[in-house]
Amino acid sequence: MEPSRDIKGLLDIMQALRQPETGCPWDVVQTFETIKPYTIEEAYEVADAIERGDMHDLCDELGDLLLQVVFHARMAEEAGEFAFGDVVEAVTRKMIRRHPHVFARSDADTPETVKTQWDKIKQAEKAERQARRATRGLPSDGAASHLGSIQRSFPALIEALKLQERAAKVGFDWSEPEPILDKIEEEIGELRQALREKDRAKVADELGDLIFAVVNIGRHVGADPEMALRGTNTKFRRRFAHIEHELEAHGETLEAATLERMEELWQAAKAIERQLA
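Under UniProt numbering, the first residue of the sequence shown carries the number 1, and numbering increases by one thereafter.
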């Protein structure tokens with residue numbers, strides 16, 4: 001095997017890895033379920049490379065994500081379901097169908113009309129998918145309900161955002177951000193009460209309600225909650241690294257440092273960020 005820019009080279013590598021007698025013992029025993037977590041992880045690593053602005057890493061991570069597609073396609077081909085070429089054909093057909101304003105005739109000439117047209121085409125595709133599943137004797141995928149198209153496999157923050165966006169399309173939504181802040185305060189009060197009662201199940205339930213409400217305010221003000229939280233995670237890493245560096249510079253360790261000492265350094269890190277800003 002030699003490295004190649006041709007997708008066929010990658011397909012051949014995966015075929016070799018999956019050969020029962022001569023392939024890789026780890027790759028041979030994998031299934032769709034066991035590979036699924038890696039597929040999700042690779043998508044997040046692509047997002048991380050984009051956020052860091054590291055184009056070299058982005059190229060590398062996109063390759064890892066492509067490998068996941070090839071892996072799933074190879075397993076499907078072995079099962080007699082579909083092959084990589086079918087995946088490519090399906091997505092190219094979908095893109096052509098969903099962009100009649102580019103590849104055919106359409107009056108959609110603004111972002112808004114394109115979005116409306118896209119939604120109509122997706123609705124038609126859902127109906128076709130339901131009919132196809134019925135023909136094969138498969139149970140309904142739940143997409144017939146208004147929220148059915150929102151995948152339960154999404155990360156919870158993304159699922160919450162998409163559920164709210166979908167409900168908003170039929171008017172089930174706040175008209176402005178202010179009432180959502182009141183709702184957040186209400187949920188905080190209910191969480192406090194659950195904590196006082198020391199009911200772990202209720203605490204978890206109220207915490208979920210609070211997070212859902214916070215996602216809602218993010219949606220209303222145009223701040224993607226997933227990206228907002230990732231930004232906060234990055235900020236937390238940066239400030240905590242400052243604590244570690246300063247402790248080491250003074251001959252101290254994290255393990256021996258008091259909470260007060262770490263809080264002092266945390267506030268110093270915040271002050272530095274404000275000055276730089």
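The beta carbon of each residue, even a glycine, is placed where N, CA and C say it ideally should be. Model, not experiment: these values are computed from the prediction.
- Comparing alpha carbon positions, the residue from V28, A49, C24 and H72 closest to V87 is H72.
- By the C-beta criterion, the segment 96 to 110 is judged not to be in contact with the segment 126 to 136, since fewer than 3 inter-stretch pairs fall below 8 angstroms.
- The beta carbon of G23 is closer than 7 angstroms to those of A16 and L17 in its chain, skipping five residues each way along the sequence.
- The way I'd put it, the segment 42 to 58 doesn't touch the segment 76 to 83; fewer than three beta-carbon pairs between them come closer than 8 angstroms.
- Spatial neighbours of I188 in its own chain (CB-CB distance under 7 angstroms, excluding positions within 5 residues in sequence) are listed in chain order as L210.
- Taking C-beta atoms as the reference points, T39 and L65 count as a pair closer than 9 angstroms.
- Nearest Cα to G208 within the set K198, E190 and V221: E190.
- For the segment 88 to 173, the continuous alpha helix (DSSP H) assignments of 4+ residues that do not extend past its boundaries occur at 100 to 103, 111 to 135 and 156 to 168, in sequence order.
- A Cβ-Cβ contact shorter than 9 angstroms links L161 with P225.
- Burial state of N233 is exposed, judged by a 10 Å Cβ sphere holding fewer than 16 other Cβ atoms.
- Annotation for T22: no alpha helix (DSSP H) segment contains it, and DSSP assigns it neither H nor E.
- Under the 8 angstroms Cβ criterion, the segment 217 to 231 counts as touching the segment 152 to 160, having at least three qualifying pairs.
- One Cα belongs to V114, the other to E165, and the distance between them is close to 18 angstroms.
- The beta carbon of I13 lies closer than 7 angstroms to those of M1 in the same chain, with the five residues before and after it left out.
- For T234, the enclosing alpha helix (DSSP H) has its first and last residue at P225 to A249.
- Following the DSSP letters along the chain, one finds P177 in no alpha helix (DSSP H), marked with neither H nor E.
- Each residue's CA atom was taken as its position, placing T110 and P3 some 43 angstroms apart.
- Each residue's CA atom was taken as its position, placing P20 and F32 some 17 angstroms apart.
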